[in-house]
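Take a look at the structure below.
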Amino acid sequence: MCGIVGWVDWEADLSQQGAILDAMVETLNHRGPDASGTWISPQALIGHRRLSVVDLIGGIQPMIREVGGRRYVLTYNGELYNTPELRQELEARGHRFRTRSDTEVLLLAFIEWGEDCVQKFNGIFAFGVWDEAERRLFLARDRMGVKPLFYARRGSAILFASELKALLAHPDIRPELDAEGLAEVFAIAPARTPGHGVFKGIQEVRPGYALTIDARSLRLKPYWTLQSRPHEDDLQQTTERVRELLLDAIERQLVSDVPVCTLLSGGLDSSTLTAVAAHVYARDGLGPLDTYSIDYRDNDIYFRPSAFQPNADAPWIKRVSAHLGTVHHDVLIDTPELVDALKPALWARDLPGMVDVESSLYLFCREIKKGATVALSGECADEVFGGYPWFHRPELLNAGTFPWSRRIAERADLLAPEMRQYIQPEAYMARRYEETLAEVPRLLGEDAEEARRREMFYLNINWFMTTLLDRKDRMSMAHGLEVRVPFCDHRIVEYVWNIPWAMKTCEGREKGILRRALRGILPEDVLWRKKSPYPKTHHPAYTAAVRQWLTEILDDPASPLLPLIDVEKVRALATADAVTTDLPWFGQLMGLPQLYAYLAQVDLWLRNMQVSIR
């Protein structure tokens, strides 16, 4: 993967602004540690940081091509998994290639098909193409939002980048929060409203959207949306089609000129990727597959089974690795380094986030990078196939709000009264929820229960999944590690979207259709293992450390957090029993200790980024 940056101005001469472009590009060194490049013209500055994965020599960027006397400049972050087919089609249309890179395929696809090129792509991407003859900029982001892309308008200029920090390196872009930005931080976070950049005047290109900008206009439009239609395949046909799509997606995503591994938790999703990858490696004589897992020191002592986390991963990881003959690497994290990593994880994300869920992933990716450059992850299977509790438990399914963030009143109660009045968190969240429901593609004649589950799938794909993908991208790319997510293949998402709930839960289990499709690929006990989410620490030392950090902030009269919160209510929570206090902050993994850490991250973020409130 890579980092991309651009600055286009239709009225000013930018040819002497290379130092600013360099500063923006420099902020993305972590995303592309292998190479750097810039392209400078009077109207457009284009920058790139490269992580070399395919065609290590030929894929240098920004990539420039002149066709028919017109010059095109591309900066691209991503991977196209249907490169061979696209290359063949473009060659048949007369194009000649100079490299083996998917970068050149993408650029020539744009030259051939213009804005419609995105319809042809199977992959993960965020890119910008400057058409110098037309003085037009085209930006696009992949259908699922695996790769990030932010932008900001400033007068006659537009700026875009992979991460917020690159935009903030420009002197005209300031880290300012208005009421909406504050509501994102205190009501929605660690999720983020699709298209919202949190900071005032910064937007994000939504997944499946493209943006065309010239001197006269800015056109933002979706090039892909989910389509609801009757599912006509029977159970056997559906099983075979799910299996076919999944095997194809995984094998496509193993293509690389650098070392590849899988992330293995011993659960259904990661074990599936690992089994298919191990088979491909054995078939092609590539040697044993490397696998990686994460756990926490002393978790065997402090682990507490729950409805969300019914059993520990370690025995299952050992079982799968031994069965498949992988070279397995255990990454063990201790509490002090987990707490210390909350700070670089905040830097990596540019926003307060999922705290230890992110800091642990940050450390995990750091260790993986020592042995691999590309990793396959089982992320997103639960959103696509319906694995989470809120798909199955009626009180969560019908909660009337985002089911991973039901305690909005308790969250709002921690704010200072004037801040609560200013941002109105309950109303803000309700508005975002209703806006999302209004987008759901309906199926005429669908019964109420099936329609509600369709809403739940839409909420998960557009909100919860994008939150986890955001986390995965930032924590992995902080170390120059490319993580691929085969369950996000848009062909799988499109097909599974219309499978009826009874078929999705065939065999009487969550993700039943997926389990049925994987028979013969996984051992039976692994195939039917109860879902267990990403592991979290249960060590009381973690709670003590983040509680102490928050307490120090509450005792600091210079803290920028204090005017925003009800200090006494937060102080009372800081003395609560984290084991017995029922305060789910976000989803399955964020409870009271994570609330302590989140508020501490907000304080650090406000200080370090010098965030101003308008």
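So the sequence shown is numbered by the UniProt record's numbering: it starts at 1 and just counts up by one.
Quick reminder that beta carbons are idealized off the backbone N, C-alpha and C, glycines included.
Outcome for residue i when other beta-carbon atoms lying within 10 angstroms are tallied against a minimum of 16
i: Ile57; result: exposed
i: Lys147; result: buried
i: Thr193; result: buried
i: Phe391; result: buried
i: Phe464; result: buried
i: Asn122; result: buried
i: Ser321; result: buried
i: Pro42; result: exposed
i: Asp382; result: buried
i: Ser101; result: buried
i: Gln119; result: exposed
i: Arg260; result: Sequence inspection shows Val at residue 260; the Arg mentioned does not correspond to that position. Its Cβ being crowded by 16 or more others within 10 Å, Val260 is buried.
i: Thr291; result: buried
i: Asn77; result: buried
i: Ala215; result: exposed
i: Ser217; result: exposed
i: Ser265; result: buried
i: Arg225; result: As written in the sequence, residue 225 is Thr, which differs from the Arg given in the question. Exposed, by the Cβ-count rule.
i: Ser612; result: exposed
i: Thr373; result: buried
i: Thr467; result: buried
i: Leu235; result: exposed
i: Arg98; result: exposed
i: Thr543; result: buried
i: Leu286; result: exposed
i: Asp489; result: buried
i: Arg93; result: exposed
i: Leu437; result: exposed
i: Ala133; result: exposed
Sub-8 Å separation of residue i and residue j beta-carbons
i: Trp39; j: Ile64; result: yes
i: Thr326; j: Pro288; result: yes
i: Leu444; j: Arg454; result: no
i: Met24; j: Ala166; result: yes
i: Phe160; j: Gly128; result: yes
i: Asp356; j: Leu376; result: no
i: Asp34; j: Leu51; result: yes
i: Glu176; j: Lys200; result: yes
i: Phe487; j: Asp269; result: yes
i: Leu562; j: Leu599; result: no
i: Ala277; j: Leu245; result: no
i: Gly378; j: His30; result: no
i: Ser476; j: Val485; result: no
i: residue 621; j: Arg349; result: Nothing can be reported for residue 621: it is not among the residues displayed for the chain, which extend from 1 to 614.
i: Leu149; j: Ala169; result: no
i: Pro523; j: His323; result: yes
i: Val602; j: Pro352; result: yes
i: Val546; j: Leu414; result: no
i: Asp572; j: Leu554; result: First, the residue type needs correcting, since residue 572 is Ala and not Asp in the sequence shown. No, these two residues do not count as a Cβ contact at 8 Å.
Expected contact under 8 Å - CB spacing of residue i and residue j to nearest Å
i: Tyr458; j: Val440; result: 5 Å
i: Asp131; j: Arg87; result: In fact, because the Cβ distance is near 22 Å, the residues do not count as touching under 8 Å.
i: Gly267; j: Arg529; result: 6 Å
i: His48; j: Thr27; result: Contact doesn't hold; Cβ gap of about 13 Å is too wide.
i: Thr272; j: Ile521; result: 7 Å
i: Trp316; j: Gly587; result: Not confirmed; about 22 Å, so no contact.
i: Ile333; j: Ile301; result: Wrong, their Cβ atoms sit about 15 Å apart, outside the cutoff.
i: Leu346; j: Trp605; result: 6 Å
i: Pro425; j: Arg411; result: 7 Å
i: Arg491; j: Cys506; result: Contact flag wrong, Cβ pair sits at about 21 Å.
i: Arg471; j: Met354; result: 6 Å
i: Ala12; j: Ser156; result: 7 Å
i: Ala597; j: Leu342; result: 6 Å
i: Ile423; j: Phe138; result: No, Ile423 and Phe138 are not in contact; Cβ-Cβ is about 35 Å, not under 8 Å.
i: Ser36; j: Asp313; result: The Cβ separation is near 39 Å, so there is no contact.
i: Arg452; j: Leu397; result: 7 Å
Beta carbon proximity, residue i to chain B, threshold 8 Å
i: Arg452; result: Note that chain B does not occur in the displayed structure, where there is just one protein chain.
Original post:
Below 8 Å, can you find three or more Cβ-Cβ pairs linking the region 220 to 237 to the region 496 to 503?
Top reply: yes
Subject >> At least 3 beta-carbon pairs within less than 8 Å: the region 127 to 146 vs the region 205 to 214 >> reply: yes
Original post:
Along the chain, which unbroken stretches of the beta strand (DSSP E) at least 3 residues long are found entirely within the region 413 to 465?
Top reply: none
Original post:
Considering only residues of the region 486 to 512, which uninterrupted alpha helix (DSSP H) runs meet the minimum length of 4 residues and lie entirely inside it, listed in chain order?
Top reply: 490 to 497, 501 to 504
Subject >> Meets three-Cβ-pair contact criterion under 8 Å: the region 533 to 550 and the region 592 to 599 >> reply: yes
**OP:** Spell out a yes or no on whether the region 512 to 525 and the region 563 to 580 are touching, meaning 3 or more CB-CB pairs, one atom from each, closer than 8 Å.
**Re:** no
**OP:** Would you list, in sequence order, the uninterrupted beta strand (DSSP E) runs of no fewer than 3 residues that lie entirely inside the region 29 to 65?
**Re:** 35 to 40, 44 to 50
Original post:
Using 8 Å as the threshold, is the region 239 to 246 in touch with the region 169 to 183, meaning 3 or more CB pairs across them?
Top reply: no
**OP:** Could you tell me which uninterrupted alpha helix (DSSP H) segments, each at least 4 residues in length, are contained entirely in the region 121 to 169, listed from first to last along the chain?
**Re:** 164 to 168
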